[in-house]
Amino acid sequence: MPGEAGKRLKREAYKKSINNEDQNTSLPQKRFYRQRAHANPFSDHTLAYPKSPVDMNWATHYPAYSVAQEKEAENAADDESHDQDQTSIKAITKNVEIADIGCGFGGLLFALAPKLPDTLILGMEIRTSVTEYVQEKIRAMRAQNSSSAYSYQNVACLRANTMKFLPNFFSKAQLSKIFLCFPDPHFKQRKHKARIVSYTLNSEYAYVMRPGGIVYTITDVEDLHKWMVDHFEKHPSFERVGEEEQEADECVKVMRTETEEGKKVERNKGLKFVACFRRCENPPWR
Amino acid sequence: MPFPYQCIQARNSGEREAAGWTLFGACGSRLVVQSSGGSNFVWPSGKNNVSEEKETEDDTQERPEKRIKLSHPPEIKSNFCCLSLSNDKQHIVAATAEDKCIRVFKIEPDCRLSELSQRCMPRRPCAIAITSDDSTILCADKFGDVYALPLFPSLEEERSSTPNSGHNEATTEKPYVPAASMLTVHSGRNRKVLEDQMKQANLGKKKTKEPMQFKHELLLGHVSMLTDIAYTTIDAGVEGGKPRSFILTADRDEHIRISRGPSQAYIIEGFCQGHEEFISRLCLTGSGLLVSGGGDDYIYVWDWLNSRLIEKLCIRDTVIQFARTNPELAASLLADEASFKIAVSGIWSVPHDQPKVRSSTDIVYMRLSNHLQGDEILVACEGIPGLFRFGIGGTPGGSAVGEAISLDGNALGVVFVCPTTGACTAVVSVDNLHKPGSTTEVREQEGPFRLQYFSYQGDHWEADTVVGGKLNWFSSRALADTASVANGQDAGSDMTVETEKARRAADEKAVRDILYGIANLRKRPGTED
Ligand SMILES: C[S@@+](CC[C@H](N)C(=O)[O-])C[C@H]1O[C@@H](n2cnc3c(N)ncnc32)[C@H](O)[C@@H]1O
Numbered sequence: 001m002p003g004e005a006g007k008r009l010k011r012e013a014y015k016k017s018i019n020n021e022d023q024n025t026s027l028p029q030k031r032f033y034r035q036r037a038h039a040n041p042f043s044d045h046t047l048a049y050p051k052s053p054v055d056m057n058w059a060t061h062y063p064a065y066s067v068a069q070e071k072e073a074e075n076a077a078d079d080e081s082h083d084q085d086q087t088s089i090k091a092i093t094k095n096v097e098i099a100d101i102g103c104g105f106g107g108l109l110f111a112l113a114p115k116l117p118d119t120l121i122l123g124m125e126i127r128t129s130v131t132e133y134v135q136e137k138i139r140a141m142r143a144q145n146s147s148s149a150y151s152y153q154n155v156a157c158l159r160a161n162t163m164k165f166l167p168n169f170f171s172k173a174q175l176s177k178i179f180l181c182f183p184d185p186h187f188k189q190r191k192h193k194a195r196i197v198s199y200t201l202n203s204e205y206a207y208v209m210r211p212g213g214i215v216y217t218i219t220d221v222e223d224l225h226k227w228m229v230d231h232f233e234k235h236p237s238f239e240r241v242g243e244e245e246q247e248a249d250e251c252v253k254v255m256r257t258e259t260e261e262g263k264k265v266e267r268n269k270g271l272k273f274v275a276c277f278r279r280c281e282n283p284p285w286r
Numbered sequence: 001m002p003f004p005y006q007c008i009q010a011r012n013s014g015e016r017e018a019a020g021w022t023l024f025g026a027c028g029s030r031l032v033v034q035s036s037g038g039s040n041f042v043w044p045s046g047k048n049n050v051s052e053e054k055e056t057e058d059d060t061q062e063r064p065e066k067r068i069k070l071s072h073p074p075e076i077k078s079n080f081c082c083l084s085l086s087n088d089k090q091h092i093v094a095a096t097a098e099d100k101c102i103r104v105f106k107i108e109p110d111c112r113l114s115e116l117s118q119r120c121m122p123r124r125p126c127a128i129a130i131t132s133d134d135s136t137i138l139c140a141d142k143f144g145d146v147y148a149l150p151l152f153p154s155l156e157e158e159r160s161s162t163p164n165s166g167h168n169e170a171t172t173e174k175p176y177v178p179a180a181s182m183l184t185v186h187s188g189r190n191r192k193v194l195e196d197q198m199k200q201a202n203l204g205k206k207k208t209k210e211p212m213q214f215k216h217e218l219l220l221g222h223v224s225m226l227t228d229i230a231y232t233t234i235d236a237g238v239e240g241g242k243p244r245s246f247i248l249t250a251d252r253d254e255h256i257r258i259s260r261g262p263s264q265a266y267i268i269e270g271f272c273q274g275h276e277e278f279i280s281r282l283c284l285t286g287s288g289l290l291v292s293g294g295g296d297d298y299i300y301v302w303d304w305l306n307s308r309l310i311e312k313l314c315i316r317d318t319v320i321q322f323a324r325t326n327p328e329l330a331a332s333l334l335a336d337e338a339s340f341k342i343a344v345s346g347i348w349s350v351p352h353d354q355p356k357v358r359s360s361t362d363i364v365y366m367r368l369s370n371h372l373q374g375d376e377i378l379v380a381c382e383g384i385p386g387l388f389r390f391g392i393g394g395t396p397g398g399s400a401v402g403e404a405i406s407l408d409g410n411a412l413g414v415v416f417v418c419p420t421t422g423a424c425t426a427v428v429s430v431d432n433l434h435k436p437g438s439t440t441e442v443r444e445q446e447g448p449f450r451l452q453y454f455s456y457q458g459d460h461w462e463a464d465t466v467v468g469g470k471l472n473w474f475s476s477r478a479l480a481d482t483a484s485v486a487n488g489q490d491a492g493s494d495m496t497v498e499t500e501k502a503r504r505a506a507d508e509k510a511v512r513d514i515l516y517g518i519a520n521l522r523k524r525p526g527t528e529d
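As they're listed, the protein sequences go chains A and B.
Residues 1 to 286 in full-length UniProt numbering are what the first sequence spells out, letter by letter.
Residues 1 to 529 in full-length UniProt numbering are what the second sequence spells out, letter by letter.
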């Protein structure tokens with residue numbers, strides 16, 4: 001297929017051109033990063049993931065929060081800086097607290113990050129090119145704003161299959177918010193286990209969330225909305241957040257208007273269904 | 001042709017009759033039982049069609065067509081993949097792979113097995129565990145889910161779950177509502193699915209799988225194939241505290257998950273993280289440590305309650321050292337040593353008398369105070385004719401690698417019987433069909449014995465002829481003259497030399513599939529993104 005091959009060459013040339021300039025401030029162009037809509041969450045992708053959260057090299061994603069950098073500043077005169085062990089080189093001074101699961105092209109990330117400048121936000125996406133796009137955009141936004149008070153240092157994106165590897169990235173009770181925005185609906189009955197929300201997967205969301213933390217969901221597919229509500233409501237670790245509280249939440253507004261899918265639905269005059277769930281305390285042992 | 005036993009289990013009778021034990025083996029689609037007293041049994045007994053024909057004759061109301069069907073029953077046989085004994089040692093739970101069934105048998109005093117129930121699961125069972133109160137079977141499946149089933153399905157449940165009782169959600173008629181409207185934003189493929197859905201709905205033919213017609217509860221699930229499950233109960237350690245129960249699950253994606261027991265299994269307490277390859281086996285030792293192994297060069301020892309890795313023991317070096325002592329093995333396994341890969345197929349904790357573990361802090365305390373009495377474990381790897389001994393927590397400095405026990409065939413399973421008070425003999429199932437060291441090459445002449453016996457002497461294991469003498473029938477003669485393996489091919493009545501040969505090849509292939517699936521769990525770097 002010459003068309004396909006030509007497209008690939010163009011993409012590669014394009015990506016090379018932006019890689020060459022480190023301080024490049026121009027935003028990446030989406031058309032070079034489109035990818036077929038569905039990735040199979042069950043297959044063995046050639047994924048990179050840490051053995052556990054402490055093995056993760058967070059510093060490459062949030063360089064402004066790197067522990068090593070801070071230590072270097074502290075020990076500027078000290079000769080002991082070579083003593084730093086592997087973990088502190090990888091570590092950051094605060095933990096990621098918000099995850100956008102299946103972040104797509106990252107609309108939510110870029111809207112939310114400036115509103116919560118002191119909170120680390122992570123987008124997680126299974127599709128390689130889409131992840132690359134978001135990473136490029138983060139790099140460009142940081143470069144564009146390097147002399148401003150705010151420069152998108154609190155946002156990052158990485159490639160991950162969250163349905164399998166969430167506990168590899170986050171430790172118990174680490175997160176205060178998880179976003180599940182316009183998840184793939186997987187209409188087919190036999191593909192329901194591929195949905196990003198299910199009774200059994202909700203246990204993993206509960207594990208990485210602290211009590212009081214909130215899972216935000218939004219979709220334009222009413223059936224999927226009902227499915228998500230159903231599966232979170234029957235999971236004892238979650239309770240639905242009331243309408244009033246939900247509508248007062250700034251994050252809900254951002255989620256409605258700033259995600260790429262949210263905008264598409266807007267243009268098509270479709271409906272958007274929102275539901276939020278609070279992580280309850282674990283009950284005593286029974 | 002006696003095929004090897006893919007699973008074995010043993011029960012030792014109560015303390016008063018220390019000399020009594022019973023051995024259970026799964027050989028293809030058959031179960032074999034023998035007691036130390038000499039009684040023996042094979043399940044299913046007799047030929048399949050005999051009993052079915054009798055049933056049909058008894059039932060005079062049966063319509064003729066149906067009788068015809070039954071008198072030529074297609075030979076639907078399924079091979080056993082898991083065997084578990086209830087804690088009270090009165091029942092055995094067995095799962096078969098192809099038909100995904102869980103069967104519960106009562107063990108009669110004369111060794112007969114009476115089948116009490118048969119429940120077919122939606123996915124192939126990979127491992128089963130039984131809760132310590134013997135109320136519940138925990139079944140871990142290939143799709144990553146763990147289901148709880150009562151050990152005994154009650155009559156009440158069976159009645160209420162018969163078809164047409166209205167219990168059955170999937171078949172109750174509901175007006176069809178498509179999952180999304182055309183207004184929804186769709187990719188091209190989704191739109192296609194939606195259109196198909198509407199078409200199907202209009203035809204009124206929505207094919208749904210038959211749901212499980214018995215009481216079952218989905219407890220937890222990984223998005224990965226489960227490979228092993230363990231269940232344990234720990235006293236609270238605080239005054240008046242209740243005992244806590246845990247479900248430990250291992251998967252192909254390097255995860256060991258610690259969940260609360262059945263009533264709160266939705267709560268994940270932690271993960272034991274560190275494996276870099278698939279995990280295939282979990283083993284809780286006598287003193288309460290967790291040992292795990294799989295495709296890694298190491299087996300891992302965990303203080304699992306605190307998600308803490310205690311140590312890693314290099315099984316690969318141990319196996320390589322063992323292979324070097326045997327020129328034939330060295331030639332076949334170590335020809336390309338760098339690419340030699342481990343696939344742990346079994347980890348067993350040698351039983352010993354030790355006080356029960358009380359709490360998480362006690363585990364550490366016990367390890368330190370009991371350092372002469374640490375745990376000994378035996379490890380088997382797929383396609384290796386040996387067992388590897390490790391002492392865990394045996395010395396304050398950590399663990400010790402013991403010598404290997406050399407076997408006549410690849411190790412398949414280990415159980416421990418107690419021939420006299422305080423004594424311990426390991427009964428080892430060995431592969432008498434394949435060449436030692438190979439999972440593919442068949443021997444010229446299969447070995448006559450399927451079991452080997454070693455008596456524990458503290459610092460070493462010694463061939464045990466007493467137990468061996470008693471198990472001669474089990475080891476060599478049982479099922480020697482029957483085709484015991486389901487190979488998907490029907491036995492023809494007019495066997496020519498050619499069909500006999502083909503059948504033999506199919507049998508061997510079936511045996512290979514039953515015995516050696518673990519190395520296949522290793523991920524091959526994918527080509528797709
Ligand atoms: C319909 S898009 C929504 C994107 C974005 N949240 C928005 O609202 O604009 C769903 C995204 O989830 C991603 N996804 C699906 N399964 C995933 C998984 N297991 N892990 C990570 N991302 C996944 C898909 O690749 C896709 O980009």
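The beta carbon of each residue, even a glycine, is placed where N, CA and C say it ideally should be.
Quick caveat, the model's predicted, so the values are computed rather than measured.
- At a cut-off of 7 Å between beta-carbon atoms, N24(A) makes no contact with chain B.
- With 16 or more neighbouring CB atoms inside 10 Å of its own CB, S84(B) falls in the buried class.
- Chain order gives the chain B residues near S237(A) as Y266 and I267, where near means a beta carbon separation below 8 Å.
- Put simply, the CB of R279(A) is far from chain B, with every gap to its CB atoms at 7 Å or more.
- In the three-state DSSP reduction, H275(B) falls in the coil class, being neither helix nor strand.
- Counting the other CB atoms within 10 Å of its CB gives P327(B) a total below 16, which places it among the exposed residues.
- Counting C-beta pairs closer than 8 Å gives three or more between the stretch 263–280 of chain A and the stretch 196–215 of chain A, which meets the contact rule.
- With respect to chain B, the C-beta atom of M228(A) has no partner C-beta closer than 7 Å.
- Short note on T259(A): C-beta closer than 6 Å to some heavy atom of ligand 1.
- Distance from the C-beta of I126(A) to the nearest heavy atom of ligand 1 is below 6 Å.
- What K164(A) touches in chain B, judged by beta-carbon distance under 7 Å, is V223, S224 and D253, going in chain order.
- Among the residues facing chain A, Q273(B) is included, as its CB has a counterpart in that chain under 7 Å away.
- Residues of the same chain with a CB within less than 8 Å of the CB of R477(B), apart from the 5 flanking positions on each side, are P2 in chain order.
- By the neighbour-count criterion, in which a residue is buried when 16 or more other Cβ atoms sit within 10 angstroms of its Cβ, W473(B) is exposed.
- Y152(A) is the residue among E125(A), E204(A), K269(A) and Y152(A) whose C-alpha sits nearest the C-alpha of A111(A).
- Within the same chain, Cβ atoms closer than 7 Å to the Cβ of E382(B) are found at A343, S345, T439, Y516, I518 and A519, the five residues on either side in sequence being excluded.
- If you draw a 10 Å sphere on the C-beta of K77(B), you find 16 or more other C-beta atoms in it, and that means buried.
- Counting the other Cβ atoms within 10 Å of the Cβ of K470(B) gives 16 or more, which makes it buried.
- From the beta-carbon of K242(B), the residues of chain A found nearer than 8 Å are W285 and R286.
- The shortest C-alpha to C-alpha distance from C101(B) to any of S45(B), S132(B) and M212(B) is the one to M212(B).
- With distances taken between CA atoms, L113(B) lies nearest to P44(B) out of P44(B), C27(B), T136(B) and D141(B).
- Taken in chain order, the whole beta strand (DSSP E) runs of length 3 or more contained in the stretch 185–263 of chain A are 209–219 and 238–240.
- Using a Cβ distance threshold of 7 Å, G144(B) and S259(B) do not count as a contacting pair.
- Residues of chain A whose Cβ lies closer than 8 Å to the Cβ of G270(B) are, in chain order, K172.
- In this structure, T227(B) keeps its C-beta atom at 7 Å or more from the C-beta atom of I267(B).
- Those residues of the stretch 432–465 of chain B placed with their C-beta closer than 7 Å to a C-beta in chain A do not exist.
- In this structure, the straight-line span from the alpha carbon of C157(A) to that of M56(A) is close to 13 Å.
- Legend: CB atoms of the stretch 173–184 of chain A lying less than 8 Å from CB atoms of chain B are not found in any residue.
- Residues of chain A whose Cβ lies closer than 8 Å to the Cβ of E276(B) are, in chain order, K51.
- Across the structure, S86(B) and I130(B) are spaced so that their CA atoms are roughly 6 Å apart.
- Taking 7 Å as the CB threshold, L31(B) stays off the interface with chain A.
- Residue contact with chain A for S263(B): present (Cβ-Cβ distance below 7 Å to some residue of chain A).
- In this structure, ligand 1 has no non-hydrogen atom nearer than 6 Å to the beta-carbon of P167(A).
- Check the Cα spacing between E254(B) and each of D296(B), I347(B) and N410(B): the tightest is with D296(B).
- In this structure, the straight-line span from the alpha carbon of K253(A) to that of M124(A) is close to 21 Å.
- In this structure, the alpha-carbon of Y65(A) lies about 22 Å from that of L166(A).
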